[in-house]
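*Asks:*
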Amino acid sequence: MPRRIPDYPDAYAGWNALSSFGSYISVVGIRHFFVFVTITSSRGNNKRCAPSPWVVEQNPTTLEWMVQSPPAFHIFWRTSSYQGDEKLCEVKKRSPTTTKNLTSLFKRFLT
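Just so you know, we're using the working numbering here: the sequence shown kicks off at 7 and counts up by one.
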């Protein structure tokens, strides 16, 4: 039996075409990835990410955006409760401890 066969038997032609098509899709995806990484790194604009990238307005509607991203260490002294029928800004007002308060507290504690 010869070692190097230049083509597959006709029974495998469909599978060969399918695998070739899949490899083309992979190559296009990898090419796009490197193009976008190159464009992003070469522009030189060091913009910071927004605290809430999925919300356009200033008052997000879900509890996970109540704190900054990434969250600071020990944001809350106690677990916040949220029933779902109140607005998140009301929960923020009710919460006695924020990141700013904790930062000043830690500074006073350490000095």
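Cβ coordinates follow ideal geometry from the N, Cα and C atoms, glycine included. Being a predicted model, the structure only gives us computed values, none of them experimental.
Between Ala23 and Ile36, what straight-line distance do the alpha-carbon atoms span, to the nearest angstrom?
*Replies:* Position 17 of the sequence shown, counting from 1, holds the residue named residue 23. Position 30 of the sequence shown, counting from 1, holds the residue named residue 36. If you take the alpha carbons of Ala23 and Ile36, they lie about 20 Å apart.
*Asks:* Got a sec, what are the start and stop residues for the alpha helix (DSSP H) Phe79 sits in?
*Replies:* Working through the sequence shown from its first residue, we reach residue 79 at position 73. No alpha helix (DSSP H) holds Phe79; DSSP gives it neither H nor E.
*Asks:* Alpha carbon to alpha carbon, how far is Phe79 from Ser47?
*Replies:* Taking the sequence shown and counting its residues from 1, one reaches residue 79 at position 73. Taking the sequence shown and counting its residues from 1, one reaches residue 47 at position 41. Approximately 30 Å, taken between the alpha carbons.
*Asks:* According to DSSP, is Tyr14 part of a helix, a strand, or is it coil?
*Replies:* Working through the sequence shown from its first residue, we reach residue 14 at position 8. Looking at Tyr14 - three-state DSSP - the assignment turns out to be coil, as it is neither helix nor strand.
*Asks:* Once you ignore the five residues that flank Val33 on each side, which residues in its own chain have a CB closer than 8 Å to its CB?
*Replies:* Counted from its first residue, the sequence shown places residue 33 at position 27. Taken in chain order, the list of residues that qualify is empty.
*Asks:* At the level of alpha carbons, what is the spacing between Phe39 and Trp21?
*Replies:* Position 33 of the sequence shown, counted from the first residue, corresponds to residue 39. Position 15 of the sequence shown, counted from the first residue, corresponds to residue 21. When rounded, the distance between both Cα atoms is 27 Å.
*Asks:* Whole angstroms is fine: what's the gap from Trp18's alpha carbon to Phe42's?
*Replies:* In the sequence shown, counting from the first residue as 1, residue 18 sits at position 12. In the sequence shown, counting from the first residue as 1, residue 42 sits at position 36. According to the sequence displayed, residue 18 carries Tyr and not Trp. Rounded to whole angstroms, Tyr18 to Phe42 spans 36 Å at the Cα level.
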